[in-house]
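Listed in order, the protein sequences are those of chains A and B. Going by our numbering, 401 is the number at position 301 of the first sequence; the sequence numbering is gapless. Going by our numbering, 667 is the number at position 46 of the second sequence; the sequence numbering is gapless. Note that CB positions come from ideal geometry on N, CA and C, so glycine has one too.
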Amino acid sequence: MTGLFSEVFLSALLFGAVTAAIPLLLAGLGEQISEKAGVLNIGIEGMMLAGAYLGFVGAFYSGSLWLGFLTGAAGGVSVAVVMALLCVRIGLNQIVIGIALTLGLEGLTALLHHFQFSRSYPRLPAADATVIPLLSDIPVIGPAFFKHHLIVYLAVALVFGMGYIYRRTQLGLNLQAAGDKPAALDVAGIDVVQTRTIAVLTTGALAGLGGAYLANVGAGLFIPFITNGAGFLGIVLAMLARGRPVWVLFGALLFGVCLSLTTAMQVAGINIPTDIIQMLPFLAVMIMLVLFGRRASLPAALGIPYERGAR
Amino acid sequence: MSIDTAPTVSATALDATSGTVTRRDILHRMLMTLGPILAALVIAGCILLAVGVDPLAYYGFVLEKGLFSPLGIQQTLTRMAPLLFLAAGLIVAFRAGMWNLGGDGQFLLGAVTAAASAPVFVQIMPAWLALFCSFLIAMVVAMIWSLVPALLRAYQGVNEIITTLMMTFLGTSLANVLVKLAFRDPNTTVPQTRTLPVEDRLPRLFETTITSGLLLGLAAILIVHLVMTRTAFGLKLRIVGANPRAAVHSGLGVPGLTVAVFAISAGLAGLAGAVDIIGVQGNVRADWNPAYGLAVIPAVFLARMNGFAAIGFVFLLSVLSIGGESAARRLGVPNHFTLVLVSIVLIVLALAEYFDHRYNQSRRA
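Below, the structure is given as structure tokens:
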């Protein structure tokens with residue numbers, strides 16, 4: 101193995117890690133805002149699938165990747181609307197509805213895929229990368245981090261945008277209060293239901309976008325169950341990040357490396373069955389939970405629907 | 622990071638044993654159960670219509686194969702065996718307020734363990750003992766698999782929904798690894814475990830093709846029901862489920878009970894896998910995953926976590942599962958449609974509970 105080969109290999113590995121991390125990052129950021137506001141969103145896997153399917157449909161028929169991202173986000177939002185109506189407005193059990201939405205979207209997208217694409221399996225052309233001048237000339241790191249689709253940089257920028265919202269704005273404070281002490285927020289004259297609805301719909305948009313990225317840029321096609329637990333990984337990221345968007349980014353990159361290693365090992369022809377390699381990211385999650393589970397902190401009113409005047 | 626979300630769609634989880642039942646109550650229960658199912662069938666039918674399939678034809682095929690054909694009904698009753706074990710496991714977990722969503726991983730590992738051990742055991746010991754030992758070891762393996770989520774929940778307060786789901790992803794892959802590498806039958810080209818000869822499997826009932834595993838499943842769910850409603854241990858678990866904090870204050874060892882709940886729930890899921898292999902399949906093929914685990918959840922909710930009612934709903938689910946496979950072949954609708962149906966049942970059921978609750982409140986006020 102020559103030095104040149106390993107350099108190329110390493111930058112491909114890191115490039116793959118970033119590509120795999122972006123859906124997790126978006127899902128994690130989405131879940132984080134819901135959890136901050138007190139809504140445990142188990143349906144995020146379903147929202148990502150809706151985003152992946154509609155995102156692919158949008159991009160495939162219009163030929164525009166950006167329109168695909170838009171329809172993907174809209175798909176996530178449309179599932180989030182159901183979640184907001186059932187769990188925030190009328191306060192149904194968030195876990196039951198979350199499971200139901202995930203199951204339903206798994207079935208529905210697989211069904212639609214079967215009738216629409218199962219004979220042709222159409223693919224999208226590779227996404228054009230936005231090459232950042234100078235930085236992309238750095239060996240190994242340059243091609244790995246600075247030759248991605250524009251939306252990747254936007255997603256990373258969003259991390260800092262979210263951090264700003266949480267720490268410096270009234271909205272951030274409201275979200276936090278909706279999760280920690282909704283009654284206090286209500287007394288302060290701010291609508292808890294509305295605040296939580298904003299949070300859930302934002303989650304839907306981010307999860308849908310993450311799904312659309314996964315299908316359109318990551319894979320270039322839609323297949324049933326394409327998210328394969330990415331939404332659940334997002335929930336874990338949000339739990340371990342303790343409300344800080346930057347930690348979601350680091351966590352997503354870590355899992356991204358695991359996922360990318362999975363593909364890289366297969367490409368490199370290392371003789372390990374794929375089933376063992378597929379266990380890697382989930383094994384990483386369990387190790388993280390065993391090590392840091394206790395230190396994760398969640399809002400006090402998480403999972404509890406808010407009803408005015410109820411004790 | 623524990624979340625107090627007792628998994629109750631209804632408030633009736635604790636009062637399943639309440640004394641007098643009037644005719645009005647029974648009528649009300651029937652309405653609250655059949656209503657959501659009918660509504661879900663109609664909504665799901667609209668989805669079928671939207672993708673260009675005649676819903677009446679689909680449901681017709683489901684009933685024809687799953688319920689009315691002699692062979693189909695026998696398959697339906699056979700399919701009930703693993704589903705009953707899974708439902709029993711979920712009843713224990715849900716009544717104790719724990720979301721064991723790792724049923725599929727525990728099921729598959731139990732199945733692979735049974736498939737690997739049974740053909741070996743039958744050669745060295747009498748058949749009944751061999752099958753008993755296979756059941757036992759499948760149960761123990763599934764129990765061990767649930768230990769990590771159980772300990773994390775009991776002592777670290779880590780949410781068990783996430784951990785059990787993660788363990789299911791791991792368990793599914795591990796089951797495949799075991800089939801392909803450790804227990805692969807060298808005499809076949811397709812990766813699968815050694816096949817248990819038909820005469821060594823669980824006997825069939827009378828002159829039919831129905832497995833006697835059905836009786837085991839019925840026994841399991843009835844025992845679970847009686848333990849949960851009639852014993853001190855069951856009461857303790859229900860208290861943990863209703864209010865974990867109150868349980869701590871009343872002196873219950875909540876961490877220990879938590880681990881026990883996970884062990885029982887996972888053990889039953891492992892037995893479900895074993896009963897499917899030893900009774901019906903005979904071996905495990907690579908990448909086999911029937912994914913019964915999540916489909917059983919609505920059946921348990923519809924039954925309000927009551928064992929007797931759960932038998933009825935597991936039967937319905939079985940009809941749907943066997944009939945759905947046949948209808949899928951004939952009409953070209955993939956089996957994923959069952960997922961959609963299950964999801965709609967859950968949502969409509971939760972909505973029905975909500976409006977029923979609201980109606981009762983406004984009547985009392």
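When you compare only the Cα positions, how much space is there between I694(B) and G687(B)?
Each residue's alpha carbon lies about 6 Å from the other.
Could you tell me how far apart the beta carbons of V800(B) and V905(B) are, in whole angstroms, since I believe they sit closer than 8 Å?
Yes, V800(B) and V905(B) are in contact; Cβ-Cβ is about 5 Å, under 8 Å.
Considering only the beta carbon of each residue, do A299(A) and V139(A) sit closer than 8 Å?
Their beta carbons are under 8 Å apart, which means A299(A) touches V139(A) by this criterion.
Quick check on the burial criterion: 16 or more other C-beta atoms within 10 angstroms. Buried or exposed for F355(A)?
Buried: at least 16 other Cβ atoms inside 10 Å.
Short check: CB of A931(B) to CB of I712(B), under 8 Å?
Yes, they are a contact pair.
Judging by CA-CA distance, which residue of S767(B), R950(B), F790(B), A916(B) is the nearest neighbour of V196(A)?
Comparing Cα positions, the closest option is A916(B).
Since A330(A) and M148(A) are thought to touch, with beta carbons under 8 Å apart, how far apart are those beta carbons, to the nearest angstrom?
About 6 Å; that satisfies the 8 Å criterion.
Under 6 Å Cβ to Cβ from F929(B), same chain only, skipping five residues before and after it: list those, please.
So the list is empty, once near-sequence residues are dropped.
Are the C-beta atoms of L763(B) and some chain A residue less than 8 Å apart?
The sequence as given places Ala at residue 763(B); Leu does not occur at that position. Judged by the 8 Å Cβ criterion, A763(B) is not in contact with chain A.
Pull up the DSSP beta-bridge partners for F247(A), would you.
Just to set this straight, residue 247(A) is Lys in the shown sequence, not Phe. Bridge partners of K247(A): V231(A).
Is T814(B) helix, strand or coil when you go by DSSP?
Strand, per DSSP.
Please check if any C-beta of chain B sits within less than 8 Å of the C-beta of Q366(A).
Not closer than 8 Å to any Cβ of chain B, the Cβ of Q366(A) fails to qualify, so no.
Who are the near neighbours of C667(B) in its chain, counting only those whose CB is closer than 8 Å to its CB and skipping five residues on each side?
P676.
If you draw a straight line from the C-alpha of S942(B) to the C-alpha of L722(B), how long is it?
Using only the alpha carbons, I get a separation of about 20 Å.
Closest Cβ-Cβ distance between F790(B) and chain A: below 8 Å?
With 8 Å as the cut-off, F790(B) counts as an interface residue toward chain A.
Using the rule of at least 16 other Cβ atoms within 10 Å of the residue's Cβ for burial, across every protein chain shown, is V357(A) buried or exposed?
Buried, since its Cβ has 16 or more Cβ neighbours within 10 Å.
Measuring alpha carbon to alpha carbon, tell me which of R645(B), L655(B), R700(B), A671(B) ends up nearest G894(B).
Measuring from the Cα of G894(B), the nearest candidate turns out to be R700(B).
If I measure Cβ to Cβ from T202(A) and keep anything under 7 Å in the same chain, skipping five residues before and after, which residues do I get?
Cβ within range, chain order: I142, G143, E145, G146.
Note down, in chain order, all residues in the stretch 368–391 of chain A with a beta-carbon under 8 Å from any beta-carbon belonging to chain B.
Within the stretch 368–391 of chain A, the residues whose Cβ lies closer than 8 Å to some Cβ of chain B are P373, D375, I376, Q378, M379, F382, L383, V385, M386, L389, V390, listed in chain order.
Whose Cβ in chain A lies nearer than 7 Å to the Cβ of Q777(B)?
Near Q777(B) (Cβ distances below 7 Å), the residues of chain A are G393, R394.
Express the C-alpha separation of G409(A) and T269(A) in angstroms, rounding to a whole number.
Rounded to the nearest angstrom, the two C-alpha atoms are 28 Å apart.
Pull up the CB-CB distance for G673(B) and M764(B), whole angstroms please, since I reckon it's below 8 Å.
No, G673(B) and M764(B) are not in contact; Cβ-Cβ is about 47 Å, not under 8 Å.
With contact counted as at least three CB pairs below 8 Å, one residue from each stretch, are the stretch 965–980 of chain B and the stretch 917–927 of chain B in contact?
Yes, they touch.
With a CB to CB cut of under 8 Å and the five nearest residues on each side skipped, what residues in its chain are close to L301(A)?
Contacts found: V177, A180, V181, A184.
Any C-beta of chain B sitting closer than 8 Å to the C-beta of G130(A)?
So no, G130(A) is outside the interface.
Would you call Y913(B) buried or exposed, if buried means 16 or more other Cβ atoms sit within 10 Å of its Cβ?
By the neighbour-count rule (16 or more Cβ atoms within 10 Å), Y913(B) is buried.
Pop quiz: T209(A) and Y253(A) are said to be a contact at Cβ under 8 Å. What is the actual Cβ separation, rounded to whole angstroms?
Not really, about 28 Å apart at Cβ, beyond 8 Å.
Does any C-beta atom of chain B lie closer than 8 Å to the C-beta of M101(A)?
Confidence at M101(A) is low in this model, with a pLDDT of 45, below 50, so its placement is unreliable and no value can be given for it.
Measure the C-alpha to C-alpha separation of N274(A) and T295(A) and round it to an integer number of angstroms.
Using only the alpha carbons, I get a separation of about 7 Å.
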